[in-house]
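Q:
Residue numbers (our numbering), protein chains in the order written: chain A, 81 to 195; chain B, 233 to 343.
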């Protein structure tokens, strides 16, 4: 089954304690992206990756890091989480080169609370 | 700049039609999408329309695109309680995969 898997689904942590949210896709997609969803603001892109070892900032990258060492994985790293990073996070992937339409497939989300 | 706007809430009765509206600012959009987010889940693609089309129909869903006014709408006929969800419109600027999402419209369907 084609899917994007995020872990964990729920996470409560404290300010300053480094954490990683994993994302894996099994569709051999080139493009992967992280978004955060906040009430009234929709989805805002944090970072994206066009392919292995190619990453770039989205609209709200401050306080986040990513890496793309393998095509299937795109972890999101919070080196020193702060309460303003409390949010619902989504990973997404798409294939840019097989179809003309940029259909993104989303993970189920990670709800993060930073105390 | 890039901006996509939606109203935040819509409430309808079961069996009625729902119309969710979206406005966007960038005229270079290639595709426009509607995604559905059910409670506790990620976003799933509902339908899409290419920017050179005016209308697309897919079973109970009708998408209308007015390029002149940069207005996109999603009509759901015979709305059911299972249609209760948050609906996001998104525009594809053809910039290497980036989508610009609206704030999402929460559709509530009352029996």
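Ideal Cβ placement from N, Cα and C applies to all residues, glycine included.
Taking 7 Å as the threshold (beta carbon to beta carbon), is residue 106 of chain A in contact with chain B?
A: Residue 106 of chain A sits at position 26 when you count from the first residue of the first chain. For residue 106 of chain A, the answer is no, since every Cβ of chain B falls outside 7 Å of its Cβ.
Q: Under 7 Å between C-beta atoms, does residue 111 of chain A make it to chain B?
A: Taking the first chain and counting its residues from 1, the one referred to as residue 111 of chain A is at position 31. Yes - at least one Cβ of chain B is within 7 Å of the one on residue 111 of chain A.
Q: Hey, would you say residue 117 of chain A sits closer than 7 Å to residue 143 of chain A, going by beta carbons?
A: Indexing the first chain from 1 puts residue 117 of chain A at position 37. Indexing the first chain from 1 puts residue 143 of chain A at position 63. Not closer than 7 Å, so no.
Q: Are the segment 333-341 of chain B and the segment 241-257 of chain B in contact at 8 Å, needing three or more beta carbon pairs?
A: Yes, the segment 333-341 of chain B touches the segment 241-257 of chain B.
Q: Check whether the Cβ atoms of residue 101 of chain A and residue 168 of chain A sit closer than 7 Å, and answer yes or no.
A: Numbered from its first residue, the first chain carries residue 101 of chain A at position 21. Numbered from its first residue, the first chain carries residue 168 of chain A at position 88. Not in contact: residue 101 of chain A and residue 168 of chain A (Cβ atoms no closer than 7 Å).
Q: Do the segment 278-288 of chain B and the segment 236-251 of chain B meet, that is, are 3 or more Cβ pairs less than 8 Å apart?
A: With a cut-off of 8 Å, the segment 236-251 of chain B and the segment 278-288 of chain B do not count as touching, because too few Cβ pairs lie within range.
Q: Since residue 92 of chain A meets chain B, which of its residues come closer than 7 Å, beta carbon to beta carbon?
A: Along the first chain, one-based indexing puts residue 92 of chain A at 12. Near residue 92 of chain A there are no residues of chain B at all, since even the closest Cβ is about 17 Å away, more than 7 Å.
Q: Say whether chain B places a C-beta atom closer than 7 Å to the C-beta of residue 174 of chain A.
A: By one-based count along the first chain, residue 174 of chain A stands at place 94. At least one chain B Cβ lies under 7 Å of residue 174 of chain A.
Q: In whole angstroms, what is the alpha-carbon distance linking residue 145 of chain A and residue 160 of chain A?
A: Within the first chain, residue 145 of chain A is the residue found at index 65, counting from 1. Within the first chain, residue 160 of chain A is the residue found at index 80, counting from 1. Going by the C-alpha atoms only, they are around 11 Å apart.
Q: Helix, strand or coil: which one does DSSP assign to residue 164 of chain A?
A: Locating residue 164 of chain A in the first chain gives position 84, where the first residue counts as 1. Three-state DSSP puts residue 164 of chain A in a helix.
Q: Report all residues from its chain with a CB closer than 7 Å to the CB of residue 106 of chain A; omit the five preceding and five following residues, and keep chain order.
A: Looking up residue 106 of chain A in the first chain gives position 26. Cβ within range, chain order: 82, 83 and 152.
Q: Taking a Cβ distance cut-off of 7 Å, strictly less, list which residues of the segment 302-321 of chain B are near chain A, in chain order.
A: Of all residues in the segment 302-321 of chain B, 320 have a Cβ within less than 7 Å of some Cβ in chain A.
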